[in-house]
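Q: Handing you a structure now.
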DNA sequence: TCCATTATTGATTGATCATTCCAGAAAACA
DNA sequence: TGTTTTCTGGAATGATCAATCAATAATGGA
């Protein structure tokens with residue numbers, strides 16, 4: 162008796178993420194979602210409520226995973242600056258796929274408080290670690306002590322956004338690499 | 162005999178731009194457009210064809226005006242670095258309103274060749290002037306000669322994007338100011 | 001003044017949208 | 001095995017969408 166679907170909530174959510182990050186919320190239909198998630202329409206509504214709740218959950222999960230990956234790399238090296246470099250390198254490597262976080266902010270700005278709250282929470286968690294690591298790098302003499310660690314962290318994230326949108330606009334790997342290099346140059 | 166509407170194509174197009182930059186293409190209905198443009202629905206279709214053609218025209222006009230403003234500031238000072246600073250300062254000041262160029266790239270990526278061509282053309286025009294001015298600044302000893310002028314220009318534009326999305330995500334003026342300052346720090 | 005152009009308005013089309021209902025198939029559990 | 005839960009797929013709902021139509025009114029130039 163062949164087993165059929167194996168409905169794994171996290172797996173189908175990842176499929177939804179893939180659609181949303183490419184087409185945005187308004188550009189995605191439930192038809193696209195059920196096809197990509199490979200589940201029945203009714204299962205989607207039973208499991209996730211409605212399209213907006215699913216979107217919010219997708220953004221939440223995406224942000225959590227993205228934050229986790231960034232933190233892992235930031236903390237993954239003895240030398241703090243190397244951790245920062247790793248984080249930027251990953252961004253350059255993965256810039257081929259659109260970022261759901263950036264898309265979401267771009268599409269909705271501050272107009273949906275529930276969404277804003279999600280972004281804010283993820284941002285806070287990541288920023289805390291980034292600031293911590295920037296301070297370490299400053300102590301090690303790798304980042305200019307004249308700069309505010311928070312400002313440096315914000316700057317890195319703004320440049321991550323810049324790199325991702327440059328990629329979405331068609332920039333090649335070498336250009337993204339150069340952007341990352343110049344961003345690091347600013348803080349050393 | 163009171164004159165009624167005075168249908169000025171550029172004026173109503175500006176109204177369309179205001180809607181599109183805030184809500185994106187998919188998030189904008191023709192109902193929103195006719196209300197904002199203050200024209201009849203049929204006039205919209207007669208004058209602009211359809212929603213997509215109107216959007217493309219809006220992006221084109223917006224890009225042209227944005228490019229013009231950037232070039233004016235870039236070239237507006239004897240010292241090249243001051244021109245670059247003015248450009249960045251304007252971006253920080255105006256970051257409260259969403260950028261239609263950024264939104265458009267974020268929403269559609271490379272999926273619409275006609276749109277991509279528009280962005281590419283505007284980019285090229287602006288980048289040419291920026292590179293020219295970066296070279297001048299390098300000759301004047303204001304920007305590190307070790308850097309490729311093209312890379313510096315790309316970096317500035319990526320940071321403009323980063324600043325604009327940071328603002329759309331809720332960053333305050335002082336934070337945007339700091340981002341701009343750090344971007345300039347990278348190239349000096 | 002008359003005429004052609006241009007804009008408005010409301011009704012209407014057909015498509016697509018998100019969402020729900022329902023009947024039946026499969027899976028999990030007993 | 002039988003029973004209950006879970007998932008599916010199609011049909012239907014009502015809303016909204018972009019776009020067109022036709023009739024009317026206002027405009028600008030002759």
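Chains as they are written, first to last, in the working numbering: chain A, 162 to 349; chain B, 162 to 349.
Glycine included, C-beta positions come from ideal geometry on N, C-alpha and C.
Just so you know, these numbers come straight off a predicted model, no measurement behind them.
Check the Cβ of residue 339 of chain B against every Cβ in chain A and list those closer than 8 Å, keeping chain order.
A: Residue mapping note: residue 339 of chain B aligns to position 178 of the second chain, counting from 1. Per Cβ cutoff of 8 Å: 309, 312, 315 and 316.
Q: How would you list, in chain order, the residues of chain A whose beta-carbon sits under 8 Å from the beta-carbon of residue 188 of chain B?
A: The sequence position of residue 188 of chain B within the second chain is 27, counting from 1. Neighbours of residue 188 of chain B on chain A, chain order: 187 and 268.
Q: Rank A:308, A:247, A:240 and A:193 by C-alpha distance to the C-alpha of residue 230 of chain A and give the top, closest one.
A: As a working mapping, residue 230 of chain A is identified with position 69 in the first chain. Closest by alpha carbon: A:247.
Q: For a test of the three-state rule: what should DSSP assign to residue 196 of chain B, helix, strand or coil?
A: For this step, residue 196 of chain B is matched to residue 35 along the second chain. It is helical.
Q: Leaving out the 5 sequence neighbours to the left and right, which residues in its chain are closer than 7 Å to residue 183 of chain A when beta-carbon positions are compared?
A: Position 22 of the first chain, counted from the first residue, corresponds to residue 183 of chain A. Taken in chain order, the residues that qualify are 259.
Q: Can at least three beta-carbon pairs, one atom from the stretch 295 to 306 of chain B and one from the stretch 233 to 247 of chain B, be found at a separation below 8 Å?
A: With the cut-off at 8 Å, the stretch 295 to 306 of chain B and the stretch 233 to 247 of chain B touch.
Q: Using only the alpha-carbon positions, how far apart do residue 223 of chain A and residue 317 of chain B sit?
A: Your numbering for residue 223 of chain A matches position 62 in the first chain. Your numbering for residue 317 of chain B matches position 156 in the second chain. For residue 223 of chain A and residue 317 of chain B, the distance between alpha carbons rounds to 28 Å.
Q: Of all the CB atoms in chain B, is at least one closer than 8 Å to the CB of residue 324 of chain A?
A: The count along the first chain starts at 1 and reaches residue 324 of chain A at position 163. Chain B contact via Cβ: present.
Q: Residues of chain B with CB under 7 Å from residue 330 of chain A, in chain order?
A: As a working note, residue 330 of chain A is residue 169 in the first chain. What residue 330 of chain A touches in chain B: 266 and 280.
Q: What three-state label does DSSP hand residue 177 of chain A in the structure shown?
A: Numbered from 1 along the first chain, position 16 holds the residue referred to as residue 177 of chain A. Three-state DSSP puts residue 177 of chain A in a helix.
Q: If you count every other CB in all the chains shown that lies within 10 Å of the CB of residue 189 of chain A, and 16 or more means buried, which is it?
A: For the purposes of this step, residue 189 of chain A is taken as residue 28 along the first chain, with counting starting at 1. Buried: at least 16 other Cβ atoms inside 10 Å.
Q: Reducing DSSP to helix, strand and coil, say where residue 162 of chain A ends up.
A: The residue labelled residue 162 of chain A in the question sits at position 1 within the first chain. Because residue 162 of chain A sits at a pLDDT of 20, beneath the cut-off of 50, its placement in the model cannot be relied upon, and the following sentence gives the value as read from the coordinates. Residue 162 of chain A falls in the coil class under three-state DSSP.
Q: Rounded to whole angstroms, what is the Cα-Cα separation between residue 175 of chain B and residue 308 of chain B?
A: Here residue 175 of chain B is taken as the residue at index 14 of the second chain, counted from 1. Here residue 308 of chain B is taken as the residue at index 147 of the second chain, counted from 1. Going by the C-alpha atoms only, they are around 39 Å apart.
Q: Closer than 9 Å by beta-carbon distance: list the chain A residues that pair up with residue 277 of chain B, in chain order.
A: What you label residue 277 of chain B is simply residue 116 of the second chain in a count that begins at 1. In chain order: 330 and 331.
Q: Identify which residue in A:280, A:207 and A:201 has its Cα closest to the Cα of residue 226 of chain A.
A: If you number the first chain from 1, residue 226 of chain A lands on position 65. It is A:280 whose Cα lies nearest to the Cα of residue 226 of chain A.
Q: Taking only beta-carbon positions, decide if residue 346 of chain B is within less than 8 Å of chain A.
A: Here residue 346 of chain B refers to the residue found at position 185 of the second chain. So yes, residue 346 of chain B belongs to the interface.
Q: Helix, strand or coil for residue 255 of chain B per DSSP?
A: Walking along the second chain from the start, residue 255 of chain B turns up at place 94. Coil.
Q: Taking the alpha helix (DSSP H) that residue 305 of chain A falls in, what are its first and last residues?
A: What you label residue 305 of chain A is simply residue 144 of the first chain in a count that begins at 1. Residue 305 of chain A -> no alpha helix (DSSP H), and no H or E assigned at all.
Q: Check whether the Cβ of residue 263 of chain B lies closer than 8 Å to any Cβ atom in chain A.
A: Position 102 of the second chain holds residue 263 of chain B. Yes - at least one Cβ of chain A is within 8 Å of the one on residue 263 of chain B.
Q: Between the C-alpha atoms of residue 310 of chain B and residue 342 of chain A, what's the straight-line distance to the nearest angstrom?
A: Position 149 of the second chain, counted from the first residue, corresponds to residue 310 of chain B. Position 181 of the first chain, counted from the first residue, corresponds to residue 342 of chain A. Spanning the two alpha carbons is a distance of roughly 14 Å.
Q: For a cutoff of 8 Å on Cβ pairs, would you count residue 299 of chain B as touching chain A?
A: Position 138 of the second chain, counting from 1, holds the residue named residue 299 of chain B. It does not: the Cβ of residue 299 of chain B has no partner Cβ on chain A nearer than 8 Å.
Q: Between the Cα of residue 213 of chain B and those of B:244, B:200, B:233 and B:191, spot the shortest distance and give me the residue it belongs to.
A: Numbered from its first residue, the second chain carries residue 213 of chain B at position 52. Per the Cα distances, B:191.
Q: Checking 8 Å against the spacing of the C-beta atoms, do residue 340 of chain A and residue 290 of chain A come in under that value?
A: To locate residue 340 of chain A, count along the first chain from 1; it is residue 179. To locate residue 290 of chain A, count along the first chain from 1; it is residue 129. Contact flag unset, no.
Q: Is it buried or exposed, residue 265 of chain A, if we count other Cβ atoms within 10 angstroms and call 16 or more buried?
A: In the first chain, residue 265 of chain A corresponds to position 104, counting from 1. Under this definition residue 265 of chain A is a buried residue.
Q: Which residues of chain A have a Cβ atom closer than 9 Å to the Cβ of residue 271 of chain B, listed in chain order?
A: Numbered from 1 along the second chain, position 110 holds the residue referred to as residue 271 of chain B. What residue 271 of chain B touches in chain A: 329, 330 and 331.
Q: Using alpha carbons as the reference points, say which of A:320, A:210, A:172 and A:220 lies closest to residue 197 of chain A.
A: In the first chain, residue 197 of chain A corresponds to position 36, counting from 1. The shortest C-alpha separation from residue 197 of chain A is found at A:172.
Q: Got a sec: is the Cβ-Cβ distance from residue 343 of chain A to anything in chain B below 8 Å?
A: Position 182 of the first chain, counted from the start, is the residue given in the question as residue 343 of chain A. Answer yes: the Cβ-Cβ gap between residue 343 of chain A and chain B drops below 8 Å somewhere.
Q: For residue 277 of chain A, which residues of its own chain have a beta-carbon under 6 Å away from its beta-carbon, when the five flanking residues on both sides are left out?
A: Start at 1 with the first residue of the first chain, and residue 277 of chain A comes out as number 116. The residues are 271.
Q: Using alpha carbons as the reference points, say which of A:170, A:334, A:336 and A:244 lies closest to residue 292 of chain A.
A: Translated into the one-based positions of the first chain, residue 292 of chain A becomes position 131. Nearest option by C-alpha distance: A:244.
Q: Can you tell me whether residue 344 of chain B is buried or exposed, with buried defined as 16 or more other CB within 10 angstroms of its CB?
A: Position 183 of the second chain, counting from 1, holds the residue named residue 344 of chain B. So residue 344 of chain B ends up on the buried side.
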